[in-house]
Structures are given as structure tokens and as C-alpha cells.
Amino acid sequence: MTDRLGELSAAGVAIWLDDLSRVRLSSGGLDQLRREKHLVGVTSNPTIFAKALSAADEYDWQLKDLAIRGVDVEEAVRMLTTYDVRWACDVMRPAYDAGAGIDGRVSIEVDPRLAHETEKTVAEAGALWWLIDRPNLFIKIPATEAGLPAITATLAQGISVNVTLIFGLDRYSEVMEAFLAGLEQAKANGHDLAKIGSVASFFVSRVDSEVDKRLDRMAGEAADPAGKERALGLKGRAAIANARLAYERYCEVFASDRWQALADAGAHPQRPLWASTSTKNPDYRDVMYVEDLIAPGTVNTMPEATIHAFADHGEVRADTITGCFDDARKVFTDLKAVGVDMADVVAVLEREGVEKFEASWVELLDGVRKSLTEAARGAGMPGQAGSNA
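Counting from 1, position 292 in the sequence shown corresponds to residue 292 in full-length UniProt numbering; the numbering is continuous, with no gaps.
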């Protein structure tokens with residue numbers, strides 16, 4: 001039987017899971033994926049946690065304990081989520097040890113409401129790093145304008161970082177600059193660069209969702225059949241082109257003398273991580289954002305359904321990125337010709353990405369607040385627990 005995921009891993013793509021829950025941990029499901037599906041990393045986000053905590057009773061004992069202690073809802077959320085991430089770090093530790101600390105990583109995101117506050121983001125990152133206390137942890141920091149200096153400052157403290165919510169090429173270049181500056185400062189601060197990890201999470205399918213929506217509108221407004229055909233012919237091509245051009249920039253930056261000086265000091269490169277790789281359009285092949293983004297030194301974090309889909313029918317071709325840079329540039333030229341403003345697309349996606357995670361965080365807080373109240377009542381305690389927010 002063909003081991004498609006094994007072939008994908010051998011092609012240089014680290015397979016990560018974009019999901020985490022206590023059910024997955026307590027059932028042994030995460031460890032099974034690590035052992036059987038070549039899984040070497042885990043990512044989480046506020047949306048994932050909001051879903052996990054709303055759908056399982058595995059959290060009941062801890063909620064009861066938190067309610068009895070009378071902790072506020074903010075602390076309760078941190079205790080619940082860091083418990084899961086710490087556990088996941090332990091499950092993934094064999095992959096971390098086997099890969100010299102490059103993989104086996106588990107990510108937790110700073111409070112998304114801090115996306116536009118640099119100093120608070122740095123403080124939150126440090127607190128999470130201390131609280132979870134695992135060497136294979138990643139702290140997720142969004143690639144907003146305020147997030148960029150926070151990324152540098154956090155890395156300078158020797159803390160490993162997953163930079164999230166990257167949509168555009170120029171912002172990605174700024175992220176790599178923040179990474180290099182952070183490692184240079186970490187070196188000056190006496191940290192062992194070999195122990196500091198980082199990935200840059202470049203979002204994929206959301207780009208197609210936004211661009212395709214615009215192309216559909218343009219096709220509907222086209223004055224002639226040829227114009228309509230040009231617009232519709234570009235659907236489903238922007239996201240992969242965008243990611244391929246990001247990889248081109250990655251290759252350029254990590255071939256520089258500046259990077260080589262850090263590598264000589266033991267540093268590992270900040271790998272591009274393809275995020276949001278499940279297809280949103282049912283007309284598209286369900287593994288297209290995996291098959292068409294294969295290259296050495298990359299990470300692909302997938303929902304479990306996409307992992308199983310690729311194991312079933314994914315095709316591993318040699319590098320599907322490096323030889324496609326010119327084609328990717330042509331896609332961008334054609335998109336501009338029909339009126340798609342990619343700078344505006346990126347700005348919209350970044351704003352919406354932050355807003356969606358903020359909304360999920362508020363949903364998570366509301367759900368935990370309700371659960372604390374119910375746990376307090378079940379323990380025979382009057383009033384509402386965790387009612388400070």
C-alpha cells in the first residue's frame with residue numbers, strides 16, 4: 001500500500017495537524033497520528049479552542065476546580081488551553097527529539113485582542129512560554145504592523161515563535177526581517193540559537209476565497225464573453241501563485257550572507273508554513289493546497305480530514321514550487337490586468353483574520369464563563385464564578 005504521507009515527508013514537507021482538543025489527547029488520537037501518519041507538529045488557534053471547549057465534557061473536572069478556586073474567566077481560559085498545549089507538547093516530544101528540535105512543535109497563540117499592541121504581545125508571549133514550560137513550544141504572534149517588533153523582541157528572549165496570519169509578499173519579507181533581527185539580538189543576549197525555532201505561517205486557501213469572490217463579480221460585470229472568460233479562468237490560481245512567490249523570497253533571504261552568519265552560530269531557518277490548506281471550494285481538488293506546494297524545508301499544517309484525504313489519494317511530485325516562479329508571476333500579472341488589487345486583498349484578509357480570531361476568543365471567554373457558572377452551581381456555590389469580564 002502506497003505511503004503517500006511518507007513520500008510527502010521524504011520530499012521535505014513537515015506534516016502538522018491544524019487542530020487540538022482534550023478529546024484528541026485523552027483518546028490517544030494525536031499520538032496515533034504521530035505514529036502512523038508521519039505527524040511532526042500541531043497548530044492551534046482561538047477558533048480551534050472555542051470549538052474544543054464547547055463540545056466535550058473532558059474539561060468538566062478542571063472547570064469545577066477553577067470554579068471552586070474562584071478564578072476569573074481570563075485565567076480560566078489560560079489554564080484550560082495551556083493544559084492542552086503542555087500535554088500536546090509531551091505527546092509530540094519524540095518527534096522533537098528525533099528531529100534535533102526542528103519539528104515536534106505545538107503552537108499556542110497570544111490573546112488576539114493584543115494584535116495591535118506590541119508591548120502587551122511580548123509580555124503575553126513570555127508569560128505563555130514560562131507557563132507551559134516546554135522546549136518544543138511555539139508562541140504564535142500575528143504578522144500585524146505591531147506584531148513585527150513583538151516577533152523580534154520575543155525571539156531576542158530565546159522564545160520560539162510561529163508567526164501567523166501572513167497573507168502578502170511584502171509583509172512576509174518584513175516577517176523574515178523581524179526573524180533575522182530577533183536572532184541577531186538573541187545571539188547578542190547569549191542565547192543558544194540552535195534551541196530557538198520559528199515558522200512563518202503563510203495562509204493559502206483564504207486568498208483564493210477572497211480573490212475568487214472578486215473574479216466572480218468581475219465576470220458578472222464583464223462587457224463581453226472574452227472578459228468573462230479571462231476572469232473565470234483565473235479562479236483558484238491566486239493562492240498557490242502567492243505561496244510560490246513567498247517561497248522564492250524565502251530562498252533568497254536564506255541564501256544571504258546575513259543568514260549564513262546566523263547559521264554558522266547554530267541557527268535554524270524560519271521555515272514557511274502553509275496554513276489554511278483545506279479547500280473551501282468543493283469544485284477544487286481537496287488536496288490541491290498540499291500537492292501544489294511541495295518543496296524542501298516547508299511545513300504544511302492540515303485539518304485531519306485533509307491528512308486522511310492526502311493519505312488516500314494525494315500525489316507526490318518532486319518540487320512543485322521552485323520551477324513555477326515565472327508562472328506564478330504571470331498569474332499576478334493577469335490578475336492585475338482584469339482588475340484584482342492584490343494589495344487590497346491582503347489588507348482585507350489581514351483585517352478579517354484578526355477580527356475572526358478576536359471573535360473566537362470572545363466566544364471562548366463567553367463559553368468558559370458560562371461553564372464556570374454552571375460548575376459553581378453544581379458544586380453548591382452561590383453566585384457566578386469568573387465574573388470579572
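For each residue, glycine too, the CB sits at the ideal point set by N, CA and C. Nothing here was measured: the structure is a model prediction, and the numbers come from that model.
Can you grab the Cα-Cα spacing for the pair residue i / residue j, in whole Å?
{"i": "T82", "j": "L128", "result": "8 Å"}
{"i": "M176", "j": "Q270", "result": "8 Å"}
{"i": "A181", "j": "A222", "result": "47 Å"}
{"i": "A241", "j": "D208", "result": "10 Å"}
{"i": "residue 397", "j": "R4", "result": "Residue 397 is absent from the model: the chain starts at 1 and stops at 389."}
{"i": "A375", "j": "D72", "result": "13 Å"}
{"i": "residue 392", "j": "Q260", "result": "The requested residue 392 does not occur in the structure, where the chain is confined to residues 1 to 389."}
{"i": "V338", "j": "D344", "result": "14 Å"}
{"i": "A330", "j": "G28", "result": "Rather than Ala, the amino acid found at residue 330 in this sequence is Lys. Roughly 46 Å separates the two Cα atoms."}
{"i": "V91", "j": "A318", "result": "31 Å"}
{"i": "G41", "j": "P225", "result": "47 Å"}
{"i": "P296", "j": "D84", "result": "30 Å"}
{"i": "P189", "j": "I159", "result": "Checking the sequence, you will find Asn at residue 189 rather than Pro. Each residue's alpha carbon lies about 12 Å from the other."}
{"i": "L137", "j": "L215", "result": "40 Å"}
{"i": "G383", "j": "L66", "result": "Its pLDDT being 48, under 50, G383 is placed unreliably in this model, and the value from its coordinates should be taken loosely. One C-alpha to the other measures close to 14 Å."}
{"i": "D133", "j": "R86", "result": "8 Å"}
{"i": "residue 390", "j": "K228", "result": "Any answer about residue 390 is impossible in this case: the structure gives the chain only from 1 up to 389."}
{"i": "S360", "j": "F325", "result": "36 Å"}
{"i": "A385", "j": "M79", "result": "Here A385 scores only 43 on pLDDT, less than 50, and its place in the model should not be relied on; the value that follows carries that caveat. Rounded to whole angstroms, A385 to M79 spans 15 Å at the Cα level."}
{"i": "residue 414", "j": "A178", "result": "Limits of the chain in this structure are 1 at one end and 389 at the other, which puts residue 414 out of reach."}
Evaluate residue i with the Cβ neighbour count: other Cβ atoms within 10 Å of its Cβ, from every protein chain shown; 16 or more gives buried, anything less gives exposed.
{"i": "Q32", "result": "exposed"}
{"i": "E145", "result": "exposed"}
{"i": "W130", "result": "exposed"}
{"i": "N300", "result": "buried"}
{"i": "R34", "result": "buried"}
{"i": "T164", "result": "buried"}
{"i": "N45", "result": "buried"}
{"i": "R69", "result": "exposed"}
{"i": "R313", "result": "Per the sequence presented here, residue 313 reads as His, with Arg not at that position. With fewer than 16 other Cβ atoms within 10 Å, it is exposed."}
{"i": "E355", "result": "exposed"}
{"i": "G353", "result": "buried"}
{"i": "E109", "result": "buried"}
{"i": "H116", "result": "exposed"}
{"i": "W274", "result": "buried"}
{"i": "E124", "result": "buried"}
What does DSSP give as the partner residue(s) for residue i in the beta ladder?
{"i": "K140", "result": "E109, N162"}
{"i": "D269", "result": "Checking the displayed sequence, the identity of residue 269 turns out to be Pro instead of Asp. According to DSSP, P269 bridges with nothing at all."}
{"i": "I15", "result": "L39, N300"}
Specify the secondary structure class of residue i as computed by DSSP and reduced to three states.
{"i": "T373", "result": "helix"}
{"i": "D3", "result": "coil"}
{"i": "I132", "result": "helix"}
{"i": "Y83", "result": "helix"}
{"i": "V253", "result": "helix"}
{"i": "E124", "result": "helix"}
{"i": "R237", "result": "coil"}
{"i": "I102", "result": "coil"}
{"i": "Q32", "result": "helix"}
{"i": "D344", "result": "helix"}
{"i": "V71", "result": "coil"}
{"i": "E248", "result": "helix"}
{"i": "E117", "result": "coil"}
Quiz item: Which ranges would you report for the alpha helix (DSSP H) in the segment 167 to 209 if only whole runs of at least 4 residues count?
Solution: 169 to 188
Self-check item: alpha helix (DSSP H) runs wholly inside the segment 258 to 338, at least 4 long, in chain order
Solution: 288 to 291, 304 to 313, 325 to 338
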